[in-house]
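In the UniProt record's numbering, the protein residues as written are 1 to 868.
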């Protein structure tokens, strides 16, 4: 037997070796990995691979680990060994057993002593210690009857069947008692006990009555004390008062949610439409009460009514009503009302006559009536002729004493006054502005709507146009607002160009509307304004080519410049509207020659706009500095000292080079002036006052630009000509007011302080000279061709690179293993799904077979029944 076992083991080993050699030598299962560079003498460990073998090993490993975890994923029954010291390798078996025995004894001891009373604790009952109590019997509360009374325990033990006949009793002499003596003694003792109990009961009753009496006295005293406390408690305390005040305090309530712009626009439009409907009603002379009555009237609609608004006949029949038990219709209502009024008037006249007869003062009454009539004459001097005639008739009737006719005429006056009120209401409604307007399609339509209205009303009309055509209300409203924006731009230019009674409030209002429209449709607004700017620039260039010289544009161009800076961001490096506009403004300052005070005003206005536009970006504008330098030159005296400081478009000599100069000193004060005043009132302009204003504004702008450009490297070269002009005060500043002189001194001190800064000389950047390239081979010490990564000489760097390489390799391996595990789980799920499907198909097939068998048996039975 031993030999057979040995032979089997040897054969198995030979078979395994043969299998390994077959797998190793099978060329179809060996994969050769390619190398980028084949190096002689280097052993390549990973040159060959056997993917089939590695795949089978991985599959076996996953079947043993991952598959078992997958099958047990829904199971939770595990055996956990929680015995004391079982998982502690440092404890010996004897220590484990000792610890377990100690723990078991301790648990049993705790359970047994849970209800044990042998403790040192002092037990109490109603605050008294049980150890101090001598007896625990209940008191004897027996009644008078012997049957219901309680007998002493000792008596029962001695006298009853427990010891009545067994124990012998003796008297005082020691002689035994007879049976009769014993019974008499028992009866006497029981009577004595009964008497004692009765006397105790009487004492208890007396004591109870005494306590009741005392309690009544005490209760009255307690009731009085309680009433006093209640009265004190009823007095309002500061805390109670504050608590009650807090009840009535206003508490914070949840407010309504904020409405979206679309909802607000919809509400505005509905509000305007409602107000327009109300205005149309008042224009027709329909009061609010009449409209409400018309709404309350219900019209009968027949079954054949098409509800198309077309009415063939109108039912003028009135409803039936009863008055004093008599039926009446609508056409009798007016007559009955007039009859009632006449009856009431007759009753009033009769009452007045009776009073006059009783008092016998008819003459005085007539005089008073004549005085009243005269008062009526004085009041009706301003009325119409019809009112005069009615008043005269009333006066004559009063003189004649015919008061009944007076009441009739007064009743006639009521519809006249009502008619006047309705006419006044219609007139006021016609004078009101409509609340809804159609969006214009061109400038002519907009002007037609605005013609005949005041500037404030024109702004209101445009505002209502914008509200009625909000983009969220309809799809085509945005295009209408874009057209309206273009029309407003054209309207502003035309209004300013005409120059008739320019009102800044109207221009500011239009600018506000343009700002709102720009926020809604920015692209269309920018394109419209850019189109106008381009058109003006083309006309500017064409005029320059035709006339051979450039002139400052009109006031509407300056308005468009101002709109650009107000509606669009000016700090961007490049903007589709602002950048071309600034180029146009620079061209005006550099090409237009100053020939009048209006040109000076326009130029300084453009310089001020440039200051606002570049205040954030700090962009250098040479045209502005040249223009301000030219203004200073035009205000200076001696040409010899300032020669060479003038650049085109200014000239050193000529008629316009002395535009701002004047002989002697000027006492004109520096005061703020609006540009519209300078443009419109040039004829009444004082030359000295204008020169003072222009020079003061120039100094102010120079100070602002000097502060803005102080960090520029070319600051000294830019402001050197200006420094030369301001340095000699006799040429320029001494002839003006001290305010102008102080401004010039500030500019001069700021320029002088900034020019003294030392600047760094431009130097070539210092670099280490690069060596010439040599063609010598790079020789490395300790070169090892077997190592893939060579040492850089820094140990920490090499270790870091090694760790990175290892981490990258491990990460790739982990990702590869996770991917294979996922594929394995997916194959296992698919296998289980196929097994469930096959099992279901098999069950369905068995059911079909069973049903077919039953159907066949049923048909056989029917067939047999049919046979005779």
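The beta-carbon is built from N, C-alpha and C at its ideal position, and this holds for glycine as well.
- Within the same chain, 487 and 490 come within 6 Å of residue 443 by CB-CB distance, once the 5 residues on both sides are set aside.
- Taking residue 568 as reference, the option from 556, 557 and 582 with the minimal CA-CA separation is 582.
- For the set 65, 793, 32 and 40, the Cα lying nearest the Cα of residue 50 is the one of 32.
- Here the alpha carbons of residue 216 and residue 189 stand approximately 41 Å from one another.
- Under the three-state reduction of DSSP output, residue 455 falls in the helix class.
- Burial of residue 584 is indicated by the presence of at least 16 other C-beta atoms within 10 angstroms of its C-beta.
- According to DSSP, residue pairing for residue 31 in a beta bridge involves 49.
- The beta carbon of residue 91 sits closer than 6 Å to those of 85, all from its chain and outside the five residues before and after it, given in chain order.
- The distance from the Cβ of residue 483 to that of residue 436 is about 17 Å, inconsistent with a contact at the 8 Å cut-off.
- The beta carbon of residue 29 lies closer than 8 Å to those of 23, 50, 51, 52 and 53 in the same chain, with the five residues before and after it left out.
- Here residue 592 is buried, its C-beta having at least 16 other C-beta atoms within 10 Å.
- For residue 283, the enclosing alpha helix (DSSP H) has its first and last residue at 261 to 283.
- Residue 442 sits in coil when the DSSP states are folded into three classes, being neither helix nor strand.
- Remark: fewer than three beta-carbon pairs, one from each stretch, lie closer than 8 Å, so the stretch 642 to 658 and the stretch 603 to 621 are not flagged as touching.
- DSSP places residue 607 in the helix class (H, G or I) of the three-state scheme.
- When the Cα atoms are used, residue 709 and residue 618 turn out to be separated by approximately 7 Å.
- By DSSP's assignment, residue 550 forms a beta bridge with 592.
- Only exposed fits residue 742, as fewer than 16 other CB atoms lie within 10 angstroms of its CB.
- When only Cα atoms are considered, residue 244 and residue 292 end up about 47 Å apart.
- Residue burial is scored here from C-beta neighbours: residue 764 has fewer than 16 other C-beta atoms within 10 angstroms and is therefore classed as exposed.
- A direct Cα-Cα distance of roughly 59 Å separates residue 509 from residue 238.
- By the Cβ-count criterion, residue 503 is exposed, with fewer than 16 other Cβ atoms from all chains shown falling within 10 Å of its own Cβ.
- The C-beta distance from residue 722 to residue 589 rounds to 16 Å, too long to fall under 8 Å, and the pair is not in contact.
- At least 9 Å separates the beta-carbon of residue 699 from that of residue 761.
- Counting only the Cα atoms, residue 423 lies some 15 Å from residue 290.
- For residue 596 and residue 497, the gap between their C-alpha atoms comes out near 19 Å.
- By a beta-carbon distance limit of 8 Å, residue 620 does not contact residue 577. Their separation comes to about 21 Å.
- A contact between stretches requires three or more CB pairs, one per stretch, nearer than 8 Å, and the stretch 793 to 811 fails this requirement with the stretch 39 to 46.
- Here DSSP, grouped into helix, strand and coil, assigns residue 176 to strand.
- DSSP places residue 506 in the uninterrupted alpha helix (DSSP H) bounded by 504 to 520.
- By the Cβ neighbour-count rule, residue 625 is buried, with 16 or more other Cβ atoms within 10 Å of its own.
- For residue 79, there are no CB contacts under 6 Å within the same chain when 5 residues up- and downstream are skipped.
- Per DSSP, residue 81 lies in no alpha helix (DSSP H) segment and is marked neither H nor E.
- In the DSSP assignment, residue 498 falls within the unbroken alpha helix (DSSP H) covering 477 to 498.
- Sequence-distant Cβ neighbours of residue 825 in its own chain, meaning closer than 8 Å and more than five residues away, are 66 and 70.
- Shortest Cα-Cα distance from residue 601 to any of 566, 586, 587 and 558 involves 558.
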